[in-house]
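Everything on this sheet refers to the single structure shown next.
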Amino acid sequence: KYKSNLSLEKRAKAVVKFLKNARIDSLQMLNAVPLPGSELRAKLDAEGRLLPLETVGWDKYDGQFLCYDPTSEGLNPYELQNLPRALMKKRYQGSFISRKINYGNWMNWTYNATIGFPIQFGIFYMKRFVHNLIEKRREQSITKRRRFLPTRNIFHESLVNAWSDIRRKWRNLAMKTYGANIVRRWMKAYKESDYSKRLKQLYVKKRIS
């Protein structure tokens, strides 16, 4: 089976680049969870890599906590454990300065609800209008019998498309704001848990033995 030789840092950069290029609206990143009956659990169990339930109980099988030993793959368990949360934090909360100054994305909401709306709508409309115009002329150049082409009102189409773009932008901002609150709760729950301490004790015992 395929095994990547990339470090966690390079993998994280590759994921960030993919998300940017794919222009994904919303995402949720979690640690792999070896659920009972799954192929992953059977594989990890056969390799003796499942962390004991005394260390990682069933309440930790929610994707926020690492439930297996990744050291045989050359991965640091602490870095792997923190990677999904770090990526989610970067995606939904932004930089430290952004989190402090633009808490709750209030600056984005204010801009979108005031001068941002006509500016963005105008930009979206022009982009859609040019796209629809080029598309219409391409259809006419391909089809010689223009009377068989459906009648298209590119002015109306562009208005509808631009409004859809505006709705998508507002929806994504709402999801980003809500997602930031979820990530904030995740970070708080992780800090309040004793998982990190238990994981450290487990690997100390493994090194001693």
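Numbering of the sequence shown is given in the working numbering, commencing with residue 0 and proceeding in unit increments.
Virtual Cβ for every residue (Gly too), placed ideally from N, Cα, C.
No experiment lies behind these values; they were computed from the predicted model shown.
- Where TYR177 is concerned, the enclosing alpha helix (DSSP H) starts and stops at 153 to 191.
- For the 8 Å CB-CB criterion, SER157 and ARG127 form a contact.
- For LEU39, no pairing in a beta bridge is given by DSSP.
- With 16 or more other CB atoms across the displayed protein chains lying within 10 angstroms of its CB, VAL55 is buried.
- Excluding sequence positions up to five before and after LEU82, its CB lies within less than 7 Å of the CB of LEU7 and ALA11, all in the same chain and listed in chain order.
- With contacts defined as CB atoms closer than 8 Å, PHE120 and ALA179 fail to qualify as a contacting pair.
- CA-to-CA, the gap between TYR124 and ILE96 works out to about 33 Å.
- Its Cα nearest to that of SER71, the residue ASN4 stands out among ASN4, LYS190, LYS175 and VAL159.
- Assignment of LEU7 by DSSP, reduced to helix, strand and coil, places it in the helix class.
- Residue pairing of TYR67 in beta bridges, as defined by DSSP: LEU49.
- For the pair ILE181 and VAL203, the Cα-to-Cα distance works out to about 32 Å.
- The distance from the Cβ of ASP24 to that of MET174 is about 7 Å, consistent with a contact at the 8 Å cut-off.
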